[in-house]
Amino acid sequence: MRSMWALFKNERTDPEPFYTALAADAISDLDRRHQIEGTRILDAGCGPGWYVDAFRARGAQVVGLDGDHATLTRRDPVPAGLIRCDAAKMPFADRSFDGVFCSNLLEHAADTRGVLTELVRVVRPGGWGYISWTNWYSPHGGHDMNPYQYLGPERGPRLYERRHGPPRTNRYGEGLFAVHIGQTLAMVRSMPDVEITVVEPRYWPSLRYICAVPVVREVLTWNCVIRFRRR
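Residue numbers (this note's numbering): 1103 to 1333.
And the structure:
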């Protein structure tokens, strides 16, 4: 965890070391849980493909998708098997994948419910899902606008732009949206074909009890993970 934090401090200027290490750690954990070699996996919100590479290193067949062309083509060469599309309107048949992986996409998607619905639709019965995102009231929830997010999703961005101008990236309402843990859990629990197996803070999963405490979880979780199984 200490080494990951050291890499995170340089994430904005040199993202590849941090995300490569984070991807290796996440996929190692998923492999222990689900034995991913030979399985078909969707990486929704794949970015430049760091997680795609880590999945393939473990023997999985991976399709990566992202809605932003500049992000998809950031690396040279661009990994094979990446497509550009809206994660709330995926071009895949029902039950196409053994597992779905979605890291830090929800806070950048305008249609949270649409993305969640699609993730469930494309995974087969008995398959697994992993969803993580930076919840709005966490320390990094405002991204470039930190800590103005604590003033709320309307007042915070408005005051930030009044003082500093538009953020460098992820302007609120365009590339950044307020996604809360309680509301997101309610959406997932309302889906009849989904069983939530774990809700935990991504970077300190042993403190998962935090995610059961309303209000507190919105601030202390930092990055929330929902793991689910498709019935």
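Heads up, the beta-carbon is just placed ideally off N, CA and C, and yes, glycines get one too.
request  = Find the nearest neighbour of proline 1181 within the set Cys1187, Trp1235, Thr1173, judged by alpha-carbon distance.
outcome  = Thr1173
inquiry  = In the DSSP output, which residue or residues are listed as bridge partners for aspartate 1145?
reply    = Gly1166, Phe1203
task = Mind checking which residues open and close the alpha helix (DSSP H) that includes lysine 1184?
result = In the sequence as displayed, the identity of residue 1184 is leucine instead of lysine. Where leucine 1184 is concerned, there is no enclosing alpha helix (DSSP H), although the beta strand (DSSP E) it sits in stretches over 1184 to 1186.
task = Scan the segment 1189 to 1270 and note each continuous beta strand (DSSP E) run of 3 residues or more that stays entirely inside, going in chain order.
result = You should have 1199 to 1205, 1225 to 1235.
Pick from Gln1251, Pro1227, Met1293, His1266 that is closest to glutamate 1320, judged by C-alpha positions = Gln1251
inquiry  = On the DSSP letters alone, give me the boundaries of the alpha helix (DSSP H) that phenylalanine 1157 sits inside.
reply    = Counting along the chain, the unbroken alpha helix (DSSP H) around phenylalanine 1157 starts and ends at 1152 to 1159.
Cβ neighbour criterion (16 or more within 10 Å) applied to histidine 1210 = buried
request  = Look up phenylalanine 1330 in the DSSP assignment and give the residues it is bridged to.
outcome  = Gly1231, Ile1298
task = Kindly give me the distance between the Cβ atoms of valine 1154 and leucine 1132, rounded to whole angstroms, as I take these residues to be in contact under 8 Å.
result = For a cut-off of 8 Å, the C-beta gap from valine 1154 to leucine 1132 is around 13 Å, too long to register as a contact.
ask   = Excluding the five sequence neighbours on either side, which residues of its own chain have a C-beta within less than 6 Å of the C-beta of alanine 1280, listed in chain order?
value = Trp1238, Pro1255
message = Assuming contact is defined by CB atoms lying nearer than 7 Å, are arginine 1332 and proline 1227 in contact in what I supplied?
response = yes
query = With contact counted as at least three CB pairs below 8 Å, one residue from each stretch, are the segment 1266 to 1286 and the segment 1229 to 1247 in contact?
reply = yes
key: Selected residue, minimal CA-CA separation from glycine 1161, among Glu1139, Asp1213, Gly1151   = Glu1139
request  = Could you spell out where the alpha helix (DSSP H) holding glutamate 1320 opens and where it closes?
outcome  = 1318 to 1322
message = Let's test the definition: count the other Cβ atoms within 10 Å of the Cβ of cysteine 1326 and tell me whether it reaches 16, buried, or not, exposed.
response = buried
message = So glutamate 1297 and cysteine 1313 are supposed to be a Cβ contact under 8 Å. How far apart are they, rounded?
response = About 16 Å; that fails the 8 Å criterion.
key: Simplified DSSP assignment, three categories, for tyrosine 1121   = helix
Distance CB(glycine 1147)-CB(aspartate 1168) smaller than 7 Å = Cβ distance < 7 Å, so glycine 1147 and aspartate 1168 count as in contact.
Nearest to valine 1222 (by Cα), restricted to the options Gln1137, Val1290, Trp1306, Val1315 = Val1290
request  = Please state whether DSSP places leucine 1305 in a helix, a strand or coil.
outcome  = Per the sequence presented here, residue 1305 reads as tyrosine, with leucine not at that position. Coil at tyrosine 1305, not helix or strand.
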